[in-house]
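Protein chains in written order, with our numbering: chain B, 35 to 187; chain Y, 1450 to 1937. From the three backbone atoms N, C-alpha and C, an ideal C-beta is built for every residue, glycine too. The block underneath contains the structure these notes are about, expressed in structure tokens.
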Amino acid sequence: MTGEPAPTLVIGIGNPSRGDDALGPLLLKGLASLALPGVELLEDYQLQVEFLLDLDGRARVVFVDASVAGDAPFRFSPAGPLPDASYTSHALAPEAVLAAYARHFGRPPPPAWTLGIRAYGFELGDDLSPEAAANLAAAQEFLTGWLVRQRAP
Amino acid sequence: MTLQLETAPHPETLRRVAIEPISRVEGHGKVTLLIDEDNHVRQARLHIVEFRGFEKFVQGRPFWEIPVMVQRLCGICPVSHHLAASKAMDQIVGVDHLTPTAEKLRRLMHYGQILQSHALHFFHLSSPDLLFGFGSEVARRNIVGVAAAHPDVAKQGVLLRKYGQEVIRVTAGKRVHGTSSVPGGVNKNLSSEERDHLLKDIYPIIAWSREAVALARRLFEQDLERYNSFGRFDAHSLCLIRADGAMDLYHGGLRARTVDGKTLFDHENYDHYWEHIHEEVKSWSYMKFPFFRELGPEAGWYRVGPLTRVSQCDFIPTPFADHERRDFLAFDGGNAAGATLGYHWARMIEMLHAAEMIKELLHDDDLLGQDLLVTGERRERGVGMIEAPRGTLIHHYRVDENDLVVRANLIVSTTHNNQAMNEAIRRVASQYLDGQTLTEGLLNHIEVAVRAFDPCLSCATHALGKMPLELELLGPDGALLDRLGTAP
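Following this line, the structure appears as structure tokens:
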């Protein structure tokens, strides 16, 4: 509510009770146990337009989500504002949130990346699939190293 | 109250147009149109790809876990499920009346949910259609397009939604997966710091909500004929109502009225809702079709949500919103109150009411009280009902002697509106598509009609790469004839 925001924001998206959709929240849970300094973690079911307010004042932002179309075990890519037409009310793309940020504040959003972890099933009540669990471990190791390197001089 | 265009006589001879999924609708839906060789619409159906696994999801779980678990049914209105389940579990623990602190905290959370949900729908899902026109260029018809053309509207939408989320965070204890509402009450009160934090922004929130009502009215006035007639149909109505006839979105008795204004039942205890509300299954849809038992499945379907609540209550117990309600009902001889697009205006009146209620509650010291929980004699069955942003929401549970849920039945707002939404798309198909060469802009008219109801298809699944907007034109043999729109 007050004070300077942490320079790095990691947003984990997904529903923990829908199988591999839990990948985002689970990765955040792993990061939380490391308590990396300067890193704030934010979890939600899906991105919505008000997330643009959470991006303000950050040096970097990472969006972590389950991916049904990307490479296994994960894909880490830079993201920029993209006012695309792929809006649904339950899922704004990270690029769309960045575009909304630029419109709202009248300046470019902070540098951002997406970490899409390959997922396979999304049924309510299902556990994480073994394949997704393996992808999560690889993504967790990668992102931890990446976050630590951002702090190196 | 007809079912015209529900089923075509010889569907095998007709061309099939599928709009799948409905964009900017919670979850996934599909509309199919059957068109003859002269482009006349012969059949129009909204299919909800609804997951019916709710009941199984909660079976075998301890009852006290349910108010937290059910939030995972839906990422858009988790608070509504949290509170409806809590109300049902109040009955399971034998509690009919909460402490003032507990009830007011739950109400505050609920009005935060109403505010943020209605703001999302109006400013981000519907405003692209309403501000640019239903058939406008698809690339423009999204919230970024709105932000470019109407920056103040877009900014207010963001801040209204954020404020509602903040009310939820403070009252629920967390931004998501809140845990504060428990069987018999709540497990945390509000600190004076939290109250002051919310109070400092409430006055601009009320002011912006009033502007939003004015904007909704202006849109109606600017295109009066279209707004009055677009997808218009008559329907019976169902909502909760306070004992004195006031709008009450948290608790009340059931009020049902017929198309001609006759009261079917009023102030009815919802504990026995099944004596009035039955559900019909249709072979072509996964989602059931509720109806009033008194009128039967053919004629007994009804409409729920903001339009019903604003038009059927006797008054709204906050001054600005009640003033707007009276204007709404009087507008153009009462036409707006029966129009499908009247949902937008009514929704903004409710958003204003929610903002006023939040202000009122934040000035009530009961929120800071310490008396949070009540206990009673354990019961086997519990029914919780609430007016969620989209309409009446029912949670019904049976719990065994080991405290485990053995049966659950949920009727969500979108299910109540199933037949009404189908009726709306049939009207729009007849009004705008019949005999026309189909274009993306024309097909969007169908989506505009569906979106007016703000349906939530109970799907909280979201993943990168799962956000396509596809409009496919298929031949009778299923072959793809044409594709409209884009997919990422």
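query                                                                                                                          : result
Listed by chain order, chain Y residues near Pro50 of chain B by CB distance under 9 Å                                         : Arg1521, His1626
Contact check, Ala1803 of chain Y vs Tyr1560 of chain Y, beta carbons under 7 Å                                                : yes
Residue burial classification, Arg137 of chain B (beta-carbon count within 10 angstroms, cutoff 16)                            : buried
For Leu1887 of chain Y and His1531 of chain Y, the rounded distance between their alpha carbons                                : 42 Å
Glu74 of chain B to Gln1562 of chain Y span [Cα, whole Å]                                                                      : 25 Å
Those runs of the alpha helix (DSSP H) which lie wholly inside the region 1598-1629 of chain Y and span at least 4 residues    : 1600-1621
Where Phe1679 of chain Y falls: helix, strand or coil (DSSP)                                                                   : coil
Cβ separation of Ile1484 of chain Y and Phe1512 of chain Y, assumed to be a contact under 8 Å, to the nearest whole Å          : The Cβ separation is near 50 Å, so there is no contact.
7 Å Cβ cutoff met for Ala93 of chain B and Thr148 of chain B                                                                   : no
Glu1615 of chain Y burial status per 10 Å Cβ neighbour count (16 or more: buried)                                              : buried
Cβ distance (whole Å) where Pro1516 of chain Y is taken to contact Ser1535 of chain Y below 8 Å                                : 4 Å
Beta carbon proximity, Asp105 of chain B to chain Y, threshold 7 Å                                                             : no
Inter-residue CB distance, Asn1677 of chain Y and Leu1821 of chain Y (contact presumed, cutoff 8 Å)                            : Going by Cβ atoms, the distance from Asn1677 of chain Y to Leu1821 of chain Y rounds to 48 Å, so no, they are not a contact pair.
Buried versus exposed call for Leu1608 of chain Y [16 or more other C-beta atoms within 10 Å across all chains shown]          : buried
Interface residues of chain B facing Gly1502 of chain Y [CB-CB closer than 8 Å]                                                : Glu157, Leu158, Gly159
Alpha helix (DSSP H) segment containing Ser1529 of chain Y, residue limits                                                     : 1527-1541
Residue-level contact to chain B via CB, Val1607 of chain Y, 7 Å cutoff                                                        : yes
Straight-line Cα distance separating Phe156 of chain B from Ala1785 of chain Y                                                 : 41 Å
Sequence-distant residues of its chain with Cβ nearer than 7 Å to Arg1666 of chain Y (five each side left out)                 : Trp1794
CA-to-CA distance, Leu43 of chain B to Val96 of chain B, given in whole angstroms                                              : 6 Å
Contact list for the region 89-113 of chain B against chain Y, Cβ threshold 7 Å                                                : Asp99, Ala100, Ser101, Val102, Ala103, Gly104
Any chain Y beta carbon closer than 7 Å to His154 of chain B                                                                   : Inspection of the sequence shows that residue 154 of chain B is occupied by Tyr rather than by His. Chain Y, which has no Cβ nearer than 7 Å to the Cβ of Tyr154 of chain B, makes this no.
Close-in-space but distant-in-sequence residues of the same chain around Ala1901 of chain Y (CB under 8 Å, 5 per side omitted) : Ser1575, Gly1680, Thr1789, Leu1790, Tyr1792, His1793, Ala1873
Secondary structure of Gln1671 of chain Y, DSSP reduced to three states                                                        : helix
Candidates Y:Leu1687, Y:Gly1702, Y:Leu1482, Y:Asn1851: closest to Pro1739 of chain Y by CA position                            : Y:Leu1687
Same chain, Cβ closer than 6 Å to Leu1557 of chain Y, five either side skipped, listed in chain order                          : Thr1620, Leu1810
Residue burial classification, Glu129 of chain B (beta-carbon count within 10 angstroms, cutoff 16)                            : buried
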